[in-house]
Structures are given as C-alpha cells and as structure tokens.
Amino acid sequence: MWEYKKFLEFPADVTRKDPDLAALIVTQFGGPDGELSASLRYLSQMYTMPIPEAKATLNNIGTEELAHFEIIGTLVYKLVSGVPADVIKQTRFAPHYAKWGRANFPEDSSGNPFISAFFASHEDPIASITEDLAAEQKARAVYEYLLDMTDDPAIIDTLAFLRQREIIHFQRFGEILNLLYDFQEKHPDRYPGF
Amino acid sequence: MTGRRRPDRINLPLLKDIMAHNFVNVEAVLFLNTHPDCQEMLKLHNQNAEKYHRLVEEYQRNYGPLYSNYPDAELPWRWINDPWPWEIDYRR
Ligand SMILES: [Fe+2]
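Encoded structure:
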C-alpha cells in the first residue's frame, strides 16, 4: 500500500508566474516520458519479476516517480495559480484553461491526454527492464529540453534535480539488468529460449 | 464548524531538514536494493533513518502532522490543515 507524507521530495519552487512555461512543463505530468508514465510503468511491471532485487527496485523507483509527479504538479500549479484569465488568454496555457481552468490535468505539452499506451509491461523481465533503461534516458532528455526553455533559477534547480534522478534510476536499472542475465544463466530451465 | 480553518504554523528550516533526510534514505534504499551487502550504505541508512524519525517526531509534536496516522492526534483534526506541500514557498 501507499502512505502519503505531507511534504515534497524536493522543495520545488518558481520565482515568477509563467503560464507559457506551465504549458510546456505539463508534459512531464502526463506526457509519454513523464512522471505518471514512469510510475505506472514500474508499478505495473513489478509483480512478475523473477528476482527480489527487481521487485524492490521497481517498487521503490515507481514510488519515487509518483513523488516526482507531485513535484511537476507543484510547478505547474505555482506557475498559473492566481494568474488572471485575461493574462492566460495571451499564453500557450489558454487551450488548457479553456478545458480545465487552472486545474492540473495529465497531458503532454500539446494537450494530448495521458494514456497507458505510453509504456509497456512485459512478463519477460529483460524486455521490461530494457524498456525502463530507455524510459529513464528519454525522461532525462526531456528535462534537458525543458531546461532550455527557462531562465527561472528556482525552476532550473527543480528540473536539474529531476534530471539527476533519471540518471540514478538508469544506473540502478542497469544493475538489475545484469542481475537478470546472471539469473537466466543459472536457471536456463525458466528461460527455454535463452 | 464550517468555513476556513487557520493554517498550521510551519517551521520551514525544520521541514526542509526533514525533506533532506527523507531524500537521503530514498537514495540509500535504491542503492541497497542492488547492493544488499554494502556495510557502508547500511550504516548511512540506519543513522539517517534514526535522525529522520527524530525530526519528524519533533515536527509533528510542534507544527502539525506529516503523516495522517501519527500518535497523539488531537481535535480539531489537524491533518486537513493548510498548507499542503504544493502551497509552500520554499525560497526562504
Ligand atoms: Fe526516473
């Protein structure tokens, strides 16, 4: 089960309102390489993993990604809260406002809603963990694209933190992949095709 | 009783200290999952977890709950009090 802690994993902040930037950053809330996608990917894959290290790693990283979902939600919320509609009207956030007002909604930077088809969850553990390695690199790349879009120092701190986490997750999944290959070698019966 | 409740008084330095100690163990746990025999990381994990729980206890005693199931809760029920994590200005 999950239990909420009433604090963020990182002190996410913004120094000024910026609805234009909110409309871009939201892609890490509900886009293909976003934090919701990451979290649900790992928390779906964990059940059928053949080794304990993989179950634990998917569980813990999937949980951390949910905390990142909250961090991105915080940035988007802070960027638009209190901004008058006639200001929002002039920004890239206007299409979001027309649908949802200032509420957060999991969508990408073009307004496409979140779909679970963004990720895969295979019984074959090598297929899943290899997907996860790619997912972490894609998320890192998106954070770098977003870092190019702002000069707000508080947002840069927050996005740089999230980018760094993707690098650590990639490292841990790399270790899991090696453990899975070791496991396959020792248990060829469980992997007849190997 | 209806309407707006008074927000909890927060202690930002202590809250940030708790967040930092929480993060250290997020990282330590991930590392231990793939290095389950690492003595050095285990030591860091245990020392940091002890400090984390001490700080959380201090915060909850004086400034309001960080967990909804915390000991010695009182009425009026404080879990619902503002500010929520996304409402706090951390830039101080
Ligand atoms: Fe990640």
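Chains A and B, in that order, give the protein sequences. Numbering follows our numbering, with no gaps: position 53 of the first sequence is 53. Take any residue in the second sequence, note its place counting from 1, add 194, and you have its number in our numbering. Even for Gly, the Cβ is constructed at its ideal location relative to N, Cα and C.
Do the segment 29 to 36 of chain A and the segment 99 to 109 of chain A touch if we need at least three Cβ pairs shorter than 8 Å?
Taking 8 Å as the limit for Cβ pairs, the verdict is that the segment 99 to 109 of chain A does touch the segment 29 to 36 of chain A.
Contact list for Y77 of chain A against chain B, beta-carbon separation under 8 Å:
Working through the first sequence from its first residue, we reach residue 77 of chain A at position 77. Here the neighbours are W280.
Cutting at 7 Å between CB atoms, please list the residues of its own chain near N219 of chain B, excluding the five before and the five after it.
Against the second sequence, residue 219 of chain B aligns to sequence position 25. H239, N242, A243, Y246.
For P113 of chain A, three-class secondary structure by DSSP:
Position 113 of the first sequence, counting from 1, holds the residue named residue 113 of chain A. DSSP places P113 of chain A in strand when its eight states are reduced to three.
Where does E166 of chain A sit, in a helix, a strand or coil, going by DSSP?
Numbered from 1 along the first sequence, position 166 holds the residue referred to as residue 166 of chain A. Secondary structure at E166 of chain A: helix, using DSSP grouped into helix, strand and coil.
Let me know if E251 of chain B comes out buried or exposed under the rule of 16 or more other beta-carbons within 10 Å of its beta-carbon.
As a first step, residue 251 of chain B must be located in the second sequence, where it is residue number 57. In the assembly as shown, E251 of chain B is an exposed residue. Its beta-carbon has fewer than 16 other beta-carbons within 10 Å.
Anyone know if the C-beta pair for E166 of chain A and R190 of chain A falls short of 8 Å?
Residue mapping note: residue 166 of chain A aligns to position 166 of the first sequence, counting from 1. Residue mapping note: residue 190 of chain A aligns to position 190 of the first sequence, counting from 1. At the C-beta level, E166 of chain A and R190 of chain A stay beyond 8 Å of one another.
Determine, for P265 of chain B, whether the minimum Cβ-Cβ distance to residues of chain A falls below 8 Å.
Locating residue 265 of chain B in the second sequence gives position 71, counting from the first residue. No - not a single Cβ of chain A is within 8 Å of the one on P265 of chain B.
With three or more C-beta pairs closer than 8 Å as the rule, is the segment 5 to 18 of chain A touching the segment 128 to 147 of chain A?
Flag = no, the segment 128 to 147 of chain A and the segment 5 to 18 of chain A do not touch.
Using a C-beta cutoff of 8 Å, does F197 of chain A count as contacting chain B?
This structure gives no information on residue 197 of chain A, because the portion of chain A shown stretches from 1 to 194.
Roughly how many angstroms separate the alpha carbons of L66 of chain A and L40 of chain A, rounded to a whole number?
Within the first sequence, the letter at position 66 stands for residue 66 of chain A. Within the first sequence, the letter at position 40 stands for residue 40 of chain A. Their backbone Cα atoms lie some 8 Å apart in a straight line.
Neighbour-count burial assignment, K78 of chain A, 16 or more Cβ in a 10 Å radius:
As a first step, residue 78 of chain A must be located in the first sequence, where it is residue number 78. Buried, since its Cβ has 16 or more Cβ neighbours within 10 Å.
Output yes if chain A places a C-beta closer than 8 Å to the C-beta of Y284 of chain B; else output no.
Here residue 284 of chain B refers to the residue found at position 90 of the second sequence. For Y284 of chain B, the answer is yes, since a Cβ of chain A falls inside 8 Å of its Cβ.
Give a yes or no on contact between the segment 53 to 73 of chain A and the segment 147 to 157 of chain A, applying the rule of three or more CB pairs nearer than 8 Å.
For the pair of segments examined, the segment 53 to 73 of chain A was found not to touch the segment 147 to 157 of chain A: the number of CB pairs separated by less than 8 Å stays below three.
List the whole-angstrom C-beta distance separating D283 of chain B from P201 of chain B, where the pair is believed to meet the contact cut-off of C-beta under 8 Å.
Residue numbering aside, residue 283 of chain B sits at position 89 when the second sequence is read from its first letter. Residue numbering aside, residue 201 of chain B sits at position 7 when the second sequence is read from its first letter. About 13 Å separates the CB atoms of D283 of chain B and P201 of chain B; that is not less than 8 Å, and the two are not in contact.
Reduced DSSP secondary structure (H/G/I, E/B, other) of E3 of chain A:
Residue mapping note: residue 3 of chain A aligns to position 3 of the first sequence, counting from 1. Reduced to three states, the DSSP call for E3 of chain A is coil.
Going along the chain, which residues of its own chain have a beta-carbon closer than 8 Å to the beta-carbon of P259 of chain B, five neighbours each way excluded?
Locating residue 259 of chain B in the second sequence gives position 65, where the first residue counts as 1. Same-chain partners within the cutoff: A267, R272, W273.
Cross-chain neighbours of K5 of chain A in chain B, by beta carbon under 8 Å
Here the question's residue 5 of chain A lines up with position 5 in the first sequence. In chain order: N216, L260, Y261.
Please list, in chain order, the chain B residues whose beta carbon lies closer than 9 Å to that of A139 of chain A.
Against the first sequence, residue 139 of chain A aligns to sequence position 139. What A139 of chain A touches in chain B: nothing, since even the nearest Cβ is about 16 Å away.
Do E9 of chain A and ligand 1 come close, with the Cβ less than 7 Å from some heavy atom?
Residue numbering aside, residue 9 of chain A sits at position 9 when the first sequence is read from its first letter. Every heavy atom of ligand 1 is 7 Å or more from the Cβ of E9 of chain A, so no.
Neighbourhood of A127 of chain A by C-beta distance below 7 Å, restricted to the same chain and skipping five residues each side:
As a working mapping, residue 127 of chain A is identified with position 127 in the first sequence. Taking A127 of chain A as the centre and dropping the five residues before and after it, the same chain places no C-beta closer than 7 Å to its C-beta.
Check: E65 of chain A C-beta below 7 Å from any heavy atom of ligand 1
Numbered from its first residue, the first sequence carries residue 65 of chain A at position 65. For E65 of chain A, the CB falls within less than 7 Å of some heavy atom of ligand 1.
Secondary structure of E107 of chain A, DSSP reduced to three states
In the first sequence, the residue the question calls residue 107 of chain A occupies position 107. If DSSP states are grouped into helix, strand and coil, E107 of chain A belongs with the strands.
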